[in-house]
Structure formats: structure tokens, C-alpha cells
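Participant: Before anything else, here's the structure in question.
Residue numbers (my numbering), protein chains in the order written: chain A, 1 to 292; chain B, 293 to 663.
Here it is in C-alpha cells:
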């Protein structure tokens, strides 16, 4: 790492992160102070500032847990319980991740199919695309409880209903971006292929698909992020046994703030990981494309 | 103009099926529905035949496809009025299939009729209308239980019956949580963006982190917000502030950097103060970006409010209505709440688009649109 990138990127980011953590600690002390004074610290008032700060940072049921409490909670759940135990956060993360990824793959397939149909059919373009665009303005997540009930009464439970909701959220961005991408080739390029008497299928593979890739990957990033939110929300109304959404809900039922925060942190890490995977895929695909 | 354009195969199939349907019984056990001249089935069959024959010989123009659509819709209405048959038989299914083919053709014909004065979205509206129609028809015929899928008419009925209740939910969720949270969150985001722009260090430190938040399920803070701010609207507004803040911030920063070097140098040559440059050049140039964020945020805000209400709310609110009525299996009401939420979502979006047209009238994309 040279000094320039350090000065331009690493230093500012680390300063902001440090400031945020410091702010969090101050907030923790401030928010937990009334509870600590009322419940934990001795009533006679024989306590100094040191005791006070230590107590607020290590409460069992804090209003706002300190960062180290959250990290410790995650660490304990990862190390002290087996992978199959419901107290292990990795199990919940895996349950959510598998549903989100299944839904994402289904959504991508559906979105790509729809986009190909829309690009090649004028009727679908005029009849279907406006609805797909309009549906982006609608709170689609509200439909999650209905999907769960319909699939549940058909006897489908477990991973699939969550994946269906994730799919529902994933396919919109993919379709819209793919339609845009498949239409992005210039007239000149299309006409060149036309002079070669290239068929529709070959035009698709040779020109339209490669041209759509730059549009596709940003849509994938949006899709996987919203798919993750969809999966977590889908875990709420079913009273699901496992999953990060279920952890959030049980944590909020029992007032266990540390559990909520550690589930949130794991969800954020999962979101970052999934997006990073998409970026990695993008880099691999785009690199091969450039060398060809 | 050549009369036979496209879909002649569907037309012929439709004609054939309607013809066969006229010789088939409509109901398995019925002796009462006979193919007399005045029976409803005969009327439907005749209307369908008329529509198909008309479509074969009509040229591809708006007037003719409108007549064709009208005839098909007429047959559809009659078919709907026939109601739920006890045991629909071959004749009925043939009529439905024939109608489906013709309905598909009406959409196709309208899409192919290249007309300048056809209002935008007319084809989509027709398609949506047919979709609703077949939803109603099939759910009625197959006697799908209301718990699984209510008919569109039942949903409409539920909206009218529960208008007061839904109005209360609208006030609670939209007017209190969404509007306040949205304005606060987006406003703070934009303001922070403008302030931070002056400090490159802060900007370089904050921007990567703000970008990362788009991959994080921020809605998850809802249970914490409920604990901190209570069940009522402040907790929902707090979630919305958090969720809408970062997109507004990121877009504002990107927008403020979108001005070209030429324009900036022009302002410099005028000896314009930074504040004047901001007001006269950079902020207007950032408007398209800011409006993009505002549009994204309007959907995000509504979703966040609804999801946050799943975690606990007073006995009103669209999210509360959806989860509570879903638990009691009152599905028409659930659908009614979703319809209201969707209308609000698209209404907000449409409002923002209009506002954007007003504010960024100079932008090439908008000017090109009016041409």
C-alpha cells in the first residue's frame, strides 16, 4: 500500500469508523445510565465514575449494548455451541443465506427469461414491461404474508416460501436492467450482424448478451440485497424456528437487545459477503470478456 | 391494407372452438341450459364468433381493434354473468379457451397498431384488465377458497366495506410514519451531503461506508426502534430516517460532483463565491441525482414502515392490518390493505416524477420527452 492510497482512502475511512465506535460508546453510556443507576449500582451512592462506566458498558439487558458486548455474544454463539444448535448464529445465518441464494437464483432465471421474451416480443414489451416497472414503486414486501399463507396451505413450508419471496424481490431489477442491456447494442452493430445474415439466436449470443453484462451486474447487487431483506421479512410472520429474521423477532419478544444486535450484525456481514460474491463474479466474467 | 395480419392461427382456433362449443353441453348435469336462441350460452357463442370474424376481416387500425376488443369484452362479461356453474362441462371450457385466445389477440392487435395518439400504457392497461378478468373468472369457476385467493371483486368489496378502517391505517402509516420519516431522512441526507462536500476528508471517509449500507438490511433495526421509541409512529419514522438517509447522502454527493469542469471554470471566471456556485450551478446539476434518490426512498420508506409495523404497532397501520388480518385469515382485507399500499406507493412515485419534471425542466432527458 503506498502512502497516497493510505492518505486518500484508508486514513479517512478509519478515522470515521473510529469516530463512529467512540460515538457508539458514548451513546451506550448515556442511554444505559438511568437503568444502571436504578438497578445495578449500589443504592447508597458509593460508586465512582469508573464503576459507573464499567456498569453501563456491561449490562445484561442494556438499552444499547456496547460493540464489544455484541462481538462477544457472536463469538460465544460461534464457539460454545455446535453448528447444529439453535444457539449458534452461524446456523441461522446459513438458513437465511440458503433461502436468499435460492430465491436469488430463481429470480435471476425468471428475470432473464422475462427480459429475453420482452426484448423479442413487441406485445410483451408494451403489455408487460410497464407493469414490471410500475411494480417497483409498490411495497412488494407487503405481499409476503399472503405468499406464505398460500404456499403454506398448499403444504409448502420451510425454505421454499422464503425463497419465493426473495425471488419476487430479485427479478424486478434483473428484468429491467437486462431489457436495457439487451437493447444497448448500437444500430451499427445490429446492422453489421444483419448484413452477415445472422439469425436471432446468434445475434443474441454474439451481441446482445455480451452487451448486456455491464447492466446486469449492478442489478444483481441490488437484487441480492433486496432478496436478503425479503428473506428476513419472510421469516417474521411464520414464526420460523430458524433464520436471522426469526432471531430478530424472538429477541424483540423477550427484550433481549444483545441478541437483536448480534443478529443485525450477522445480517449486515451476510449482506456484505453476498454483495462481495457478486462483485467477484463480475470481476471474473468481465476479465475473461476483456481478454477475448 | 391487408386484412389478415397476425395471430390468424389463434383466430381460426378460436372460431373452431366456439363452433364446437355450440354443440356441446355447458354443464355436466344440466338439462336446463339448452342451446336455445335466447339462452345466455348462445349469446356468448354468437358474440365470440362475431368478434373473431370481425378480427379476421378488419384492418389493423385503432378503431377496428377497439371494436374487436369491445366485442370480446362483451362476450367476457356475459361469460362472467353466467356465474359459477355447478359442474362446468366441455362447452364451457371451450368458450373460456376461445375467449382467452381472443383476449390475447386484442392485446397483440393494440400493441401492433402503431399510433401516435395512443395514450402511453393503454396496452398495459388492457393487459392488466384481462388479467384481472381471468383471475375473477378462474377463481370463481374453480371455487378457490377465499383464504387462498379472493377474487378481485371480493377485494374491491373489502375495500369499500373497510373504507373507514383503511383510512385510519392510511393516516397512521402514511401521513404520520412515512411522510415524517421520509422528509426527515431524505432532508438530513441531502443536507449532510451538501455540508460534507466542503470537507474532502470527511467525504472520502464517509462515502465508502455510506455505499456499503445499501447492502445491509437496515430494516432490521425495526425491533430496536420499537423498544426505544414505543409502538406508535415515532419508531416507524425512526426506521425510515435511517433507511432513507444513506441513499439521499450518496446521491447528493454524486450529484454535486457531476458538474463539468467547463461550467465550474465559468463560475470561477465570474468570481462567484462558493455559495453562489452551489446555488446557481452545483445544486441544480445535482437535482437529477437527488430525485433518483427521492424516488428510491419513497418505496423504501413505505416498505420500512410496513415491515416495522410487523414488529409491533398500535392497532392501526397498513402493516399491522396486513399481519393481523392474515393471522385471522381475512384475506380480502389483507389484499385490500395491499392495494391501498400499492396505490400510495405509485401515487408518491408519480408525484415525485411530476415534481422532477418541474424542477429539472432543463435536463436533456426531460426536454427530449416533451418533443
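Quick reminder that beta carbons are idealized off the backbone N, C-alpha and C, glycines included. These figures come from a predicted structure and were not determined experimentally.
#1: Rounded to whole angstroms, what is the Cα-Cα separation between residue 162/A and residue 627/B?
#2: Below 8 Å CB to CB, which residues in the same chain sit around residue 329/B once its five sequence neighbours on both sides are set aside?
#3: Just to check my reading of the structure: residue 603/B and residue 518/B have Cβ atoms closer than 8 Å, yes? What is that Cβ distance to the nearest angstrom?
#4: Is the Cβ of residue 134/A closer than 8 Å to any Cβ of chain B?
#5: Closest Cβ-Cβ distance between residue 403/B and chain A: below 8 Å?
#6: I'd like to know if residue 291/A contacts chain B, where contact means its C-beta is closer than 8 Å to some C-beta of that chain.
#7: Is the closest heavy atom of the ligand NAP to the C-beta of residue 173/A under 7 Å?
#8: Per DSSP, residue 42/A forms a beta bridge with which residues?
#9: Between which residues of its own chain and residue 348/B is the CB-CB distance below 6 Å, once the five residues before and five after are set aside?
#10: Please classify residue 46/A: is it buried, with 16 or more other beta-carbons within 10 angstroms of its beta-carbon, or exposed?
#11: Assuming contact is defined by CB atoms lying nearer than 8 Å, are residue 132/A and residue 125/A in contact in what I supplied?
#12: Using a Cβ-Cβ distance cut-off of 8 Å, determine whether residue 496/B contacts chain A.
#13: So, helix, strand or coil for residue 380/B, using DSSP?
#14: Report the rounded CA-to-CA distance for residue 91/A versus residue 78/A, giving the unit in angstroms.
#15: Should residue 635/B go down as buried or exposed, given a rule of 16 or more other Cβ atoms within 10 Å for buried?
#16: Check whether the segment 444-456 of chain B touches the segment 612-631 of chain B, counting contact only when three or more Cβ pairs, one atom from each stretch, lie closer than 8 Å.
#17: Just how far apart, CA to CA, sit residue 663/B and residue 188/A?
#18: Figure out for me which residue from 340/B, 580/B and 498/B has the closest Cα to the Cα of residue 360/B.
#19: Could you tell me which chain A residues have their CB closer than 9 Å to the CB of residue 440/B, listed as they occur along the chain?
#20: Kindly list the residues whose CB is nearer than 6 Å to the CB of residue 397/B, restricted to its own chain and excluding five residues on each side of it in sequence; keep chain order.
#21: Leaving out five residues on either side along the sequence, give the residues of the same chain with a beta carbon under 7 Å from the beta carbon of residue 640/B.
#22: With 16 other CB atoms within 10 Å as the buried threshold, where does residue 296/B fall?
#23: Give the C-beta separation of residue 479/B and residue 541/B to the nearest angstrom, bearing in mind that I take them to be a contact with Cβ-Cβ under 8 Å.
#24: Taking any Cβ of chain B, which residues in the segment 65-89 of chain A have a Cβ under 7 Å from it, in chain order?
#25: Between the segment 142-154 of chain A and the segment 91-110 of chain A, do at least 3 Cβ pairs fall closer than 8 Å?
#26: Would you mind working out which of 430/B, 405/B, 584/B and 432/B sits nearest residue 127/A, comparing C-alpha positions?
#27: With a threshold of 16 other CB atoms inside 10 Å of the CB of residue 200/A, please say whether the residue is buried or exposed.
#28: Name, going along the chain, the residues of the segment 448-469 of chain B whose beta-carbon falls closer than 9 Å to a beta-carbon of chain A.
#29: I'd like to know whether the C-beta atoms of residue 477/B and residue 532/B end up nearer to each other than 8 Å.
#30: Can you give me the C-alpha to C-alpha distance between residue 594/B and residue 60/A, rounded to a whole angstrom?
#31: At the 8 Å Cβ level, is residue 539/B part of the contact set with chain A, yes or no?
#32: What does residue 435/B reach in chain A if we use C-beta pairs closer than 7 Å?
#33: To the nearest whole angstrom, what separates the beta carbons of residue 501/B and residue 70/A, a pair I think is in contact under 8 Å?
#34: Which residues in the same chain have their Cβ closer than 6 Å to the Cβ of residue 307/B, if we skip the five residues on either side of it in sequence?
#35: My understanding is that residue 402/B touches residue 418/B, with C-beta atoms under 8 Å, so please give their C-beta distance in whole angstroms.
#36: Can you give me, in chain order, the residues of the segment 512-527 of chain B that have a beta carbon less than 9 Å from any beta carbon in chain A?
Facilitator: Inspection of the coordinates gives the following:
#1: 19 Å
#2: Residue placement at residue 329/B is flagged as unreliable, the pLDDT there being 49, under the threshold of 50; a coordinate-derived value is accordingly withheld.
#3: With 8 Å as the limit, residue 603/B and residue 518/B qualify as a contact, their Cβ atoms being about 5 Å apart.
#4: yes
#5: yes
#6: Any answer about residue 291/A is weak, because its pLDDT of 48 lies below 50 and its placement is not dependable; what the coordinates show is given next. Closer than 8 Å: no.
#7: The model depicted lacks the ligand NAP and carries no ligand whatsoever.
#8: In the DSSP output, where bridge partners are listed per residue, residue 42/A has none listed.
#9: 303
#10: exposed
#11: no
#12: yes
#13: strand
#14: 9 Å
#15: exposed
#16: Taking 8 Å as the limit for Cβ pairs, the verdict is that the segment 612-631 of chain B does touch the segment 444-456 of chain B.
#17: Any reading at residue 663/B needs caution, since the residue's pLDDT is 42, under 50, leaving its predicted position unreliable; the model's value is listed next. The C-alpha of residue 663/B lies about 25 Å from the C-alpha of residue 188/A.
#18: 340/B
#19: Within chain A, the residues near residue 440/B are 149, 150, 153 and 154.
#20: 299 and 302
#21: 590
#22: With a pLDDT of 47 at residue 296/B, under the threshold of 50, the modelled position of this residue cannot be trusted, and the question is left open.
#23: Not confirmed; about 11 Å, so no contact.
#24: none
#25: With a cut-off of 8 Å, the segment 91-110 of chain A and the segment 142-154 of chain A do not count as touching, because too few Cβ pairs lie within range.
#26: Nearest of 430/B, 405/B, 584/B and 432/B to residue 127/A, Cα basis: 405/B.
#27: exposed
#28: none
#29: yes
#30: 34 Å
#31: Judged by the 8 Å Cβ criterion, residue 539/B is not in contact with chain A.
#32: Here the premise fails: no neighbours, minimum Cβ distance about 15 Å.
#33: Between residue 70/A and residue 501/B the Cβ distance is about 18 Å, and since that is not below 8 Å, they are no contact.
#34: 344
#35: Confirmed, about 6 Å.
#36: Here the close residues are 512, 513, 514, 515, 516, 518, 519 and 520.
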